[in-house]
Every structure is written in structure tokens, then in C-alpha cells.
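Colleague: One structure, as C-alpha cells, below. Some questions next.
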Amino acid sequence: MFRGIYILKRYAILCGSAPDGFTQKKINEMHDFLTSDAGGSWAEKDIVIFPNGVTEAMLSFVLERLKAEKTEQILLYICTLSPVADDDKSVWLGGEEISRSVIEAFCADGCGQVIYDLCREMVADDIPEAV
20 MFRGIYILKR
30 YAILCGSAPD
40 GFTQKKINEM
50 HDFLTSDAGG
60 SWAEKDIVIF
70 PNGVTEAMLS
80 FVLERLKAEK
90 TEQILLYICT
100 LSPVADDDKS
110 VWLGGEEISR
120 SVIEAFCADG
130 CGQVIYDLCR
140 EMVADDIPEA
150 V
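Numbering (this note's numbering), first residue to last: 20 to 150.
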């Protein structure tokens, strides 16, 4: 009897704090790690990047949508410009304040993992010039 291969439904959300036209170096490194063999060979379609911040409403919408779609593993990578202390009530991403209660509620059922990181090194986005 053939028993098909089970594919884990997973999604990564990489949130940065870079100014427009730039991405934090660690955001690119996390993306490259996730898509590598060592990082689990994540598919590009299962990774979304907000390099210049994200509003709390948009982040909440994406997280709720993923949970409604029964995503089994969600990685939320938050890369700020300053350290995030355990007692901070919010984090700042690209000028947008994200309440820690939104992030904690996301992790409550165990399908979500949050990684906080710090990076002040920026990489210019490669945007092709119009012809």
C-alpha cells in the first residue's frame, strides 16, 4: 500500500527595520539560511519579507490568515535596530510600533516561533533601472 509523503505546512515571516531602498544584512542572511539545505530548504513561496517594517494590523492579518489555513509551523523573525528587552511592551519595525501582546498571542498555541535579532548593517536593494 502506497502512503504518500506528508508535507509540513510552514511559513516564515521576516520583518526588518531598514529605511526604504535598504534591507538589513541579517534579514538577507536569514533568508539564505532558510532556503539552504542546512536551514531546511524552505521554498521561496513560503517566505515573506517586510524589510522596511510592517504595521501591527498587517502583521496580525498575516498571522491570523496563516493560522486559519492550518499552517503547522510559523517562524516570525524580527530584526530591529536596537535590542529588545524582555520587559519591553512593544517593538519598533521601520517606524511602526508592534505590541508584544500581538506577538505573544501568536505564540500561544505552540505553532509559532519568534526570533528577535538586532542588525544595524544595511545592504542597498538592487533595483533595476528603468529602460
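We put the beta carbon where it would ideally sit given N, CA and C, even for glycine.
Val110 bridges to which residues according to DSSP?
Modeller: Paired residues: Ile117.
Colleague: Excluding the 5 residues preceding and the 5 following Cys34 in the sequence, name in chain order all residues of the same chain whose CB lies nearer than 6 Å to its CB.
Modeller: For Cys34, where only same-chain residues beyond five positions count, the Cβ hits under 6 Å are Phe69, Val73, Ile97 and Leu112.
Colleague: Nearest by alpha-carbon distance to Arg139: which of Asn47, Asp105 and Ala37 is it?
Modeller: Nearest C-alpha to Arg139: Ala37.
Colleague: DSSP state of Asp51, grouped into three classes?
Modeller: Helix.
Colleague: Pick helix, strand or coil for Met20, following the three-state DSSP scheme.
Modeller: Reliability of the predicted coordinates at Met20 is poor, the pLDDT of 49 falling under 50, and the value obtained from them is presented with this limitation in mind. Met20 falls in the coil class under three-state DSSP.
Colleague: With DSSP run on the structure shown, which of helix, strand or coil describes Leu85?
Modeller: Helix at Leu85.
Colleague: Are the beta-carbon atoms of Ile134 and Leu78 separated by less than 8 Å?
Modeller: Result no, Cβ atoms of Ile134 and Leu78 do not sit closer than 8 Å.
Colleague: Which residues share a DSSP beta bridge with Phe16?
Modeller: Residue coverage of the chain in this structure runs from 20 to 150, which leaves residue 16 outside it and unanswerable.
Colleague: Which two residues bound the contiguous beta strand (DSSP E) that contains Ala143?
Modeller: Segment Met141 to Ala143, the beta strand (DSSP E) holding Ala143.
Colleague: Tell whether a beta-carbon distance below 8 Å holds between Ile122 and Leu85.
Modeller: Taking 8 Å as the Cβ cut-off, Ile122 and Leu85 do not qualify as a contacting pair.
Colleague: Determine the direct distance from the alpha carbon of Ser109 to that of Met20, and round the result to whole angstroms.
Modeller: Unreliable positioning characterises Met20 in this predicted model, as indicated by a pLDDT of 49, which lies under 50. The coordinate reading is nonetheless provided below. Using only the alpha carbons, I get a separation of about 52 Å.
Colleague: Considering only residues of the same chain and omitting the five flanking positions on each side of Phe125, which have a CB-CB separation below 6 Å?
Modeller: Result list for Phe125: Leu82 and Gly131, in chain order.
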